[in-house]
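Those protein sequences? They're chains U and H, same order as listed.
Counting from 1, position 237 in the first sequence corresponds to residue 251 in this note's numbering; the numbering is continuous, with no gaps.
Counting from 1, position 222 in the second sequence corresponds to residue 236 in this note's numbering; the numbering is continuous, with no gaps.
Protein chains: 2
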Amino acid sequence: MSKGKKEPERTKRPTSYDVARRAGVSQAAVSRAFSKRGYVGAEARAKIEAAAKELGFRPNALARSLIDKRSRIVAVVIADMYYSFYVAILHQINGALRQAGYQTLLFSIPSSQDLDTIVDDVGDYRVDGIIMVSARLTTDVARMSEALGVPIVLMNRYADQPSVNFVVPDDHQGGRLVAEFMLAAGHHRFAYIAGIEGASTSRDRGDGFRAALPSSPQVKAGDFSYEGGFAATEALMRGPAPPDAIFCASDIMAWAAIDALRHEFGLRAGRDVSVIGYNDAAESRWRNYDLTTVVSSPDSMSHRAVEILSALLDREATPPVQERLRVHLKVRGSARVPSDYEAENVEMETGR
Amino acid sequence: MSKGKKEPERTKRPTSYDVARRAGVSQAAVSRAFSKRGYVGAEARAKIEAAAKELGFRPNALARSLIDKRSRIVAVVIADMYYSFYVAILHQINGALRQAGYQTLLFSIPSSQDLDTIVDDVGDYRVDGIIMVSARLTTDVARMSEALGVPIVLMNRYADQPSVNFVVPDDHQGGRLVAEFMLAAGHHRFAYIAGIEGASTSRDRGDGFRAALPSSPQVKAGDFSYEGGFAATEALMRGPAPPDAIFCASDIMAWAAIDALRHEFGLRAGRDVSVIGYNDAAESRWRNYDLTTVVSSPDSMSHRAVEILSALLDREATPPVQERLRVHLKVRGSARVPSDYEAENVEMETGR
């Protein structure tokens with residue numbers, strides 16, 4: 015859009031050249047002084063600092079990047095932003111990156127778009143690394159990392175490649191926790207509303223759930239969306255064997271399940287049918303949902319993802335770094351509570 | 015974190031120097047060739063392009079920024095990210111910026127943080143401009159723009175300064191639309207649940223609402239949050255004159271109002287009390303809310319904000335550029351519908 019345009023005069027920010035001229039030193043000396051690399055004599059340094067102060071010069075991160083080859087910018091690739099859990103993740107990553115001296119270059123893509131296509135977009139910028147949320151099992155992370163020449167850390171979901179770096183919730187454990195809680199509450203007709211095929215979250219949560227049940231649950235795909243969760247619940251409840259306990263692979267589908275039960279069947283979650291979700295997104299605390307759910311801490315995950323990326327960049331860690339974080343079950347009102355239930359990693363919402 | 019560390023060898027991306035060496039030309043010639051500025055002979059250009067191809071060199075946006083002083087990066091400053099409407103805005107801005115050849119550098123801040131403090135953070139990066147969502151009336155945009163030397167465009171909310179650029183919904187019109195709809199439906203006990211003090215949205219929506227009513231509505235602050243909207247609704251309904259029509263300055267407070275009516279008072283929105291929101295955020299289409307609301311198109315606003323910023327950067331527009339976009343009322347089930355109501359800027363949800 016601006017190619018060939020005249021340089022706007024408005025953006026008259028002082029440059030390192032202006033500082034050099036005023037200080038009577040070379041531009042290279044100014045660069046060395048602000049990058050803290052290489053030798054600058056005490057006298058020259060004093061002159062440079064005085065000149066920089068007079069001119070209001072601030073060496074910016076991009077300018078530093080020319081010197082030390084770091085841009086201090088990390089690409090965050092995220093899909094499905096309409097779900098508040100991902101927003102919480104984005105907010106947390108952004109905060110953790112800033113604390114670590116990096117800034118977020120955002121690549122938000124439609125969930126239908128292939129993550130692999132992001133390579134060209136990210137490649138247009140010089141980024142130090144990539145944090146990728148909502149990968150698929152098939153995402154070719156190794157190829158992307160090689161093509162871009164920077165490390166990639168996956169978050170929340172992993173890809174089925176041996177060499178990838180990731181930090182994810184222990185989803186198998188999460189599924190087991192839910193099954194054990196439902197069994198202890200006396201349920202015996204189980205259903206699992208899965209997310210999208212190809213997401214490690216959906217697969218592992220279902221596998222953990224199934225592994226701890228005496229018989230296979232019914233399974234319906236809910237697409238990680240409100241509409242999908244609603245339709246799956248309707249199909250289950252109108253089917254030949256309506257479940258009395260429904261585990262949803264994400265909170266948004268659980269909210270839909272609760273609404274479908276109320277508005278389509280006149281049933282109340284927690285009294286008539288138990289509904290348990292996964293993520294503990296903000297709406298789960300709303301009065302209308304009051305959702306019992308697996309807490310997959312976006313804050314801890316985000317901080318670890320940034321720590322891992324930093325360690326890889328500083329060569330203090332060797333790939334692959336792979337971590338599964340413990341999860342716990344937050345007990346609220348949408349699922350029947352077993353009497354005298356005590357288990358590790360299960361906690362009552364305070365104030366109950 | 016990485017200061018003084020040895021340069022990692024991994025990021026061995028070919029540089030313009032490598033291309034120059036292989037092509038047997040100067041680095042300056044490579045820069046000219048890729049920036050499309052200045053003269054490069056045909057033969058040299060052919061050699062440079064061949065060398066770049068062989069080496070897999072791609073001139074990245076940051077490298078270009080050295081040449082034309084544009085970084086192709088726009089800072090997007092956003093607060094209150096936990097409300098899905100802001101997420102939609104962020105997603106739309108990001109898409110519009112990419113289409114225009116820019117990328118989003120994200121600055122998400124807690125809503126409690128003073129926006130003015132962002133100057134230092136943004137100043138650490140070389141950005142071409144700033145799009146600021148969720149400004150306050152008191153935000154000193156002129157000072158920020160001067161300090162950073164780049165244009166700023168406000169979105170969704172404006173600041174009370176004569177010189178600022180902004181694109182906002184016509185909030186006064188929105189408030190009037192709601193009042194006229196409620197009056198036509200026969201309501202006569204009105205309440206307004208406001209947002210935070212200091213937001214142009216909250217003030218103008220309330221002013222427009224009030225201006226079209228025969229008498230002043232009751233007003234409660236709802237803080238633009240679920241909890242705030244819930245508490246405000248409780249206070250109104252337990253008060254001496256419970257309203258029969260509640261206008262909320264944002265959808266999230268309207269969802270809370272609907273939940274409070276149902277769970278605290280056994281009342282149904284649309285039948286017992288009319289509730290109207292503002293934004294048409296995703297959840298408003300959920301079965302549980304089915305919210306009648308003012309549509310303040312995040313897509314149009316985002317696209318205009320990017321167009322305005324581009325025009326300012328290309329000096330095709332002169333500040334201040336100030337736009338108020340028409341809004342319309344989307345009629346769903348949460349408010350009583352006047353019989354035979356026909357008005358401009360009011361539309362029934364299709365499929366009703």
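Virtual Cβ for every residue (Gly too), placed ideally from N, Cα, C.
Keep in mind it's a predicted model, so treat the numbers as computed, not measured.
- C-alpha of residue 44(U) to C-alpha of residue 185(U): approximately 51 Å in a straight line.
- Under the 8 Å criterion on CB atoms, residue 244(H) is classed as interfacial with respect to chain U.
- Residue 106(U) carries a helical assignment under DSSP once its states are collapsed to helix, strand and coil.
- Between residue 145(H) and residue 148(U), the alpha-carbon positions lie close to 27 Å from each other.
- In the three-state reduction of the DSSP assignment, residue 204(H) falls in the strand class.
- With a cutoff of 8 Å on beta-carbon distance, residue 181(U) and residue 319(U) are scored as near each other.
- Taking 4 residues as the minimum length, the alpha helix (DSSP H) runs contained wholly in the region 261 to 317 of chain U are 265 to 279, in order along the chain.
- With respect to the 8 Å criterion, residue 179(H) and residue 312(H) are not classified as neighbours on the basis of their beta carbons.
- Using a Cβ-Cβ cut-off of 8 Å, residue 113(H) does not count as an interface residue toward chain U, since no Cβ of chain U sits closer than that to its own.
- The C-beta separation of residue 317(H) from residue 110(H) comes to about 5 Å, placing the pair in contact by the 8 Å criterion.
- The beta carbon of residue 96(U) sits closer than 8 Å to some beta carbon of chain H.
- Under the DSSP assignment, residue 89(U) falls outside any alpha helix (DSSP H), being part of the beta strand (DSSP E) whose first and last residues are 87 to 93.
- Residue 329(U) and residue 164(U) have their C-alpha atoms roughly 12 Å apart.
- Non-local beta-carbon contacts of residue 350(U) in its own chain, meaning distances under 6 Å to residues more than five positions away in sequence, involve 199 and 288 in chain order.
- The beta carbon of residue 125(U) lies closer than 6 Å to those of 93 and 94 in the same chain, with the five residues before and after it left out.
- Residue-level contact by beta carbon holds for residue 139(H) and chain U, with a gap shorter than 8 Å.
- Take the alpha-carbon of residue 322(U) and the one of residue 314(U): they are about 12 Å apart.
- Unbroken alpha helix (DSSP H) runs of no fewer than 4 residues, entirely contained in the region 154 to 201 of chain U, are found at 155 to 162 and 185 to 198, following chain order.
- In chain order, 90, 104, 108, 117, 118, 119 and 120 make up the part of chain H whose C-beta sits under 9 Å from the C-beta of residue 120(U).
- The Cβ atoms of residue 352(H) and residue 121(H) do not sit closer than 8 Å to each other.
- Inter-residue distance for residue 143(U) and residue 176(U) is about 19 Å (C-alpha atoms, whole angstroms).
- Here residue 253(H) is actually not in contact with residue 268(H); their C-beta atoms are around 19 Å apart, not less than 8 Å.
- Counting along the chain, the unbroken alpha helix (DSSP H) around residue 220(H) starts and ends at 214 to 225.
- In this structure, the straight-line span from the alpha carbon of residue 220(H) to that of residue 339(H) is close to 17 Å.
- Taking all protein chains in view, the Cβ of residue 183(H) is crowded by 16 or more other Cβ atoms within 10 Å, so the residue is classified as buried.
- Proximity of residue 181(U) to chain H, defined by a Cβ-Cβ separation below 8 Å, is not satisfied.
- Taking a cut-off of 8 Å on C-beta distances, the region 234 to 248 of chain U touches the region 264 to 283 of chain U, as three or more cross pairs fall below it.
- A distance of 8 Å or more separates the beta carbons of residue 324(U) and residue 56(U).
- Taking all protein chains in view, the Cβ of residue 354(H) is surrounded by fewer than 16 other Cβ atoms within 10 Å, so the residue is classified as exposed.
- By the 16-neighbour rule on beta-carbons within 10 angstroms, residue 53(U) is exposed.
- For residue 273(U), the chain H residues whose Cβ falls inside 8 Å of its Cβ are 300, 301 and 302, in order along the chain.
- Going by DSSP, residue 244(H) is part of the alpha helix (DSSP H) stretching over 240 to 252.
- For residue 44(H), no Cβ of chain U is located within less than 8 Å of the residue's own Cβ.
- For residue 272(U) against residue 159(U), the beta-carbon gap comes to about 41 Å, at or over 8 Å, which does not count as contact.
- Excluding the 5 residues flanking it on each side, residue 31(U) has same chain C-beta neighbours closer than 6 Å at 41, in chain order.
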